[in-house]
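One structure below.
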Amino acid sequence: MENYSYKINLKNNSSNYDLKTLQYLYLPIIGSGAFSVFNCLVNEAGLQKEFKKKEFDISRLAKISSLTLVNLKKDIEKLSAMGLLKIMTKKDNSKKLFNVYAPLEPSEFLSDEIYSKALLKKIGKEEFEVVTYIFRDDCVSSDEYIEEKATFSKVFQEDAISLLDLNPSVMKLKKRHAEQIQNKISVAEIMDKLKEKNITINLNTVIYKSTFKKIASLYQLNTAQVLEAILICYDYENDILSPEVLFDFITVKNVEMTENNCDLVAVKKCREMEEIDPINYLELLRDGKTLTSASKNIIKTLQNDFKFNNGIINCLLEFSYYKNSHEIVGNYLIKIAQSVQDLKITKTIDLMNYLKQAHKESLKNNQAKKSTSKTKVVEKFKDIVASIDWDSNSEPEAYQSKLIW
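Under the UniProt record's numbering, the residue at position 280 of the sequence shown is numbered 280, and the numbers go up by one with no gaps.
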């Protein structure tokens with residue numbers, strides 16, 4: 001980490017730097033190191049006012065935070081990713097200005113799809129309910145449920161995939177009239193710029209506002225960057241801007257594609273599976289060929305007897321299709337379905353990942369004696385998937401996301 005001096009600028013009134021909000025909402029996500037750094041920065045701001053001529057070196061901040069310079073850099077990035085810190089660097093890199101912002105109001109934090117899900121993942125459902133109770137509005141007893149799928153920023157990319165299916169339950173909360181630091185995207189300015197290009201679209205609808213809010217939380221893009229993305233994603237032929245297309249485009253452009261984050265394609269494939277009726281999905285697999293009565297009956301069995309959703313069914317259909325020379329073999333598919341039910345797998349991405357992992361382990365062990373710590377149903381499942389051709393590249397042309405089984 002490079003050596004530099006720093007100056008701290010508190011962007012809000014000191015009364016707004018609420019320790020209670022930081023402890024219960026931010027600490028589980030950013031960790032104790034970043035929490036310590038934030039408190040140090042707030043306190044150091046007062047000290048710097050007393051010693052205006054003194055240069056404060058970054059190594060000093062590391063010492064008083066009890067962190068190495070490497071860990072300090074990571075924790076500073078976490079604060080920046082959560083909107084608690086903005087960093088301005090002098091052109092010669094000799095000095096940095098730390099603009100420190102107060103945390104969001106509890107109501108705004110918990111209504112944010114990304115932050116609330118990140119918190120839920122870290123502390124679990126029971127503790128999440130306790131937290132919402134702490135910040136509750138005493139006059140309101142009903143819950144508000146928020147359901148939204150999203151990826152996470154590269155700073156917290158290890159959580160990106162697993163946040164998608166969380167459904168935090170948030171009570172209505174008291175408002176504190178404090179200045180907030182959530183990155184602002186000027187919708188009015190974007191609409192004006194679009195009109196100049198003969199594009200008339202109302203971006204003030206709920207779905208667009210929700211999309212912009214997620215983009216602001218995750219990627220901290222400015223108005224110009226969002227406008228550029230809109231111009232790329234806009235369907236000029238049909239005069240349509242799909243919020244989902246816009247969000248996915250910005251996600252792909254801003255999330256680092258590493259080995260640890262290569263599941264992005266799989267997630268998009270799972271979304272496709274979840275949105276398409278199994279009959280239609282199997283017809284796509286079969287290049288539009290009419291389905292046999294047997295195939296339709298298998299789908300009905302998976303729907304009615306196993307109570308599987310579209311994503312699970314379509315994943316199983318594609319799995320069986322490529323395993324059995326482009327045929328749907330009923331007995332084979334039902335055996336796998338039974339194992340899936342026994343394992344209580346209910347999410348498409350979990351099923352896809354488990355099948356791939358089970359196959360890898362089977363190859364690695366070369367059909368050796370399975371570990372005695374594994375349950376019988378897992379062992380049976382591994383035997384089923386052991387001989388599958390996972391390298392098949394064929395896939396319906398209708399899908400843009402390419403997944404290599």
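Built from N, CA and C at the ideal position, the CB exists for glycine as well. Note that this is a predicted model, so its numbers are computed, not measured.
| Check | Outcome |
| --- | --- |
| Cβ neighbours of N99 in the same chain (closer than 8 Å, five flanking residues each side left out) | N9, K11, L85, K86, I87, M88 |
| Distance CB(C270)-CB(M352) smaller than 8 Å | yes |
| Cβ-based burial, A294 [other Cβ within 10 Å; buried from 16] | exposed |
| Element boundaries [alpha helix (DSSP H), containing S36] | 27 to 50 |
| Assigned exposure category for E272 - 16 Cβ within 10 Å defines buried | buried |
| F319, enclosing alpha helix (DSSP H) - first and last residue | 310 to 323 |
| Residue of V267, Y133, S325, Y281 minimising C-alpha distance to I299 | Y281 |
| Own chain, CB closer than 6 Å to L47, minus 5 neighbours either side, in chain order | none |
| Residues of its chain near N324, where Cβ-Cβ distance is below 7 Å and the 5 sequence neighbours each way are ignored | Y332 |
| Among Y4, E55, L72, K49, the one whose alpha carbon lies nearest that of V37 | L72 |
| Beta carbon of N304 nearer than 8 Å to that of E274 | no |
| Secondary structure of M352, DSSP reduced to three states | helix |
| Of the listed residues E55, Y24, I64, G31, nearest to N43 (C-alpha basis) | I64 |
| Nearest neighbour of F212, chosen from D18, E283, A229 [CA to CA] | A229 |
| Cα-Cα separation, K95 to K347 | 48 Å |
| Contiguous alpha helix (DSSP H) assignments of at least 4 residues, all confined to the region 58 to 129 | 58 to 64, 69 to 81, 106 to 111 |
| Alpha-carbon spacing of I336 relative to P103, whole angstroms | 48 Å |
| Buried versus exposed call for S116 [16 or more other C-beta atoms within 10 Å across all chains shown] | buried |
| Distance between beta carbons of L22 and F35, contact taken as under 8 Å | 7 Å |
| Alpha carbon of K122 to alpha carbon of I29, nearest angstrom | 7 Å |
| Exposed unless 16 or more other CB atoms sit within 10 angstroms - verdict on I240 | exposed |
| When N13, K214, A62, A188 are compared against M82, the one with the closest alpha-carbon | K214 |
| Terminal residues of the alpha helix (DSSP H) in which A8 lies | Note that residue 8 is Ile in the sequence shown here, rather than Ala. Note, I8: premise wrong, no alpha helix (DSSP H); beta strand (DSSP E) at 5 to 10. |
| Per-residue DSSP class, three states only, for I250 | helix |
| Contact set for L67: own chain, Cβ-Cβ below 8 Å, skip 5 residues either direction | G33, S36, V37, D75 |
| Between the CA atoms of A216 and Y101 - distance to the nearest angstrom | 15 Å |
| Heavy atom of the ligand SAM within 7 Å of L10 beta-carbon | The ligand SAM is not among the ligands present in this structure, which contains no ligands whatsoever. |
| Extent of the continuous alpha helix (DSSP H) run through S242 | Premise fails: S242 is in no alpha helix (DSSP H) and is neither H nor E. |
| Straight-line Cα distance separating V245 from Y354 | 28 Å |
| Reference K307; option with closest CA among C40, Y133, F135, V340 | V340 |
| Integer-rounded CB distance, given that I185 should sit under 8 Å from P243 | About 13 Å separates the two Cβ atoms, so there is no contact after all. |
| S51 classed as buried or exposed, judged by whether at least 16 other C-beta atoms fall within 10 angstroms | Reading off the sequence, residue 51 comes out as Phe, not Ser. The residue in question, F51, is exposed, as its Cβ has fewer than 16 Cβ neighbours within 10 Å. |
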